[in-house]
Amino acid sequence: MISSKPTLSAVHAREMIETSKSKATALNVPCSIAVIGPDGYLLAFEREDGAMSGSVELAINKAFTAQIFNNATDMLSVLAQSGAELYGIQHSHNGRVVVFGGGIPIQFQGQAIGAIGVSGGTVAEDVAIAEAGAGILADLLVPARS
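Okay, here's the thing in structure tokens:
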């Protein structure tokens, strides 16, 4: 029996980064951009010239957070407020959970296949840059045969 499942390749990840970089350039925001696979490990990463050193781990951890919770990191910020359902969650996973915008899960055909994380600008800029990268996948992805 032939089954197909969606996949996110390193080539797709590079395309996402290139598209995100174009958006970052348009916004004049040097940033770090991370794309991870469904296993939570990096497929591609780039730190642009001029991006703050602190943006490196934040971009990776935003992607990680979006992947493990299958939710955009800006949505988690509401749930992580004092008194909310997930208060304190940012302290889990050895402090890797990020609860502000810039991490977006990638889904294709209803399956989580990875995530993108961006850091270097304001929260709104990081979200816009990540959305640009995530937005190109509909044109790139086709199911893999296995």
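So for the sequence shown, this note's numbering puts the first residue at 49; every next one is plus one. Built from N, CA and C at the ideal position, the CB exists for glycine as well. This structure is a prediction, so every number in the text was calculated from the model and none was measured.
So, using beta-carbon positions, are residue i and residue j closer together than 7 Å?
i: isoleucine 164; j: isoleucine 152; result: yes
i: proline 54; j: phenylalanine 117; result: no
Between the options, which lies nearest to residue i when the distance is taken from Cα to Cα?
i: alanine 82; options: Ala172, Val166 and Gln138; result: Val166
i: lysine 110; options: Val59, Phe156 and Gly143; result: Gly143
i: glycine 88; options: Ser70, Ser68 and Leu56; result: Leu56
i: proline 86; options: Gly181, Gln159 and Gln138; result: Gln159
i: alanine 178; options: Ala120, Glu105, Glu96 and Leu91; result: Ala120
i: isoleucine 182; options: Leu75, Ala58 and Ile65; result: The sequence given here places alanine at residue 182; isoleucine does not occur at that position. Here the closest residue by C-alpha is Ile65.
Can you say whether residue i is buried or exposed, counting buried as having 16 or more other CB atoms within 10 angstroms of its CB?
i: serine 101; result: exposed
i: glycine 150; result: buried
i: glutamine 115; result: buried
i: alanine 72; result: buried
i: threonine 170; result: exposed
i: aspartate 122; result: buried
i: serine 70; result: exposed
i: alanine 180; result: buried
Which same chain residues, not among the five before or five after residue i, have their C-beta less than 7 Å away from its C-beta?
i: tyrosine 135; result: Ala128 and Gln129
i: glutamate 133; result: Leu127
If you draw a straight line from the C-alpha of residue i to the C-alpha of residue j, how long is it?
i: alanine 176; j: histidine 141; result: 26 Å
i: leucine 185; j: isoleucine 84; result: 14 Å
i: glycine 62; j: serine 125; result: The sequence as given places arginine at residue 62; glycine does not occur at that position. Each residue's Cα considered, the two are about 28 Å apart.
i: alanine 107; j: glycine 131; result: 27 Å
i: threonine 113; j: glutamate 105; result: 12 Å
i: phenylalanine 93; j: alanine 58; result: 10 Å
i: glutamate 96; j: serine 68; result: 11 Å
i: leucine 91; j: histidine 60; result: 9 Å
i: leucine 75; j: isoleucine 154; result: 23 Å
Quick one: what's got a C-beta closer than 6 Å to residue i's C-beta in the same chain, skipping five residues either side?
i: valine 77; result: Gly168, Gly169 and Glu173
i: alanine 98; result: It is glycine, not alanine, that sits at residue 98 in the sequence shown. Closer than 6 Å at Cβ, skipping near neighbours: Pro78.
By Cβ distance, which residues of its chain are closer than 8 Å to residue i, with the 5 residues on each side in sequence left out?
i: glutamine 138; result: Ala128, Val145, Val146 and Val147
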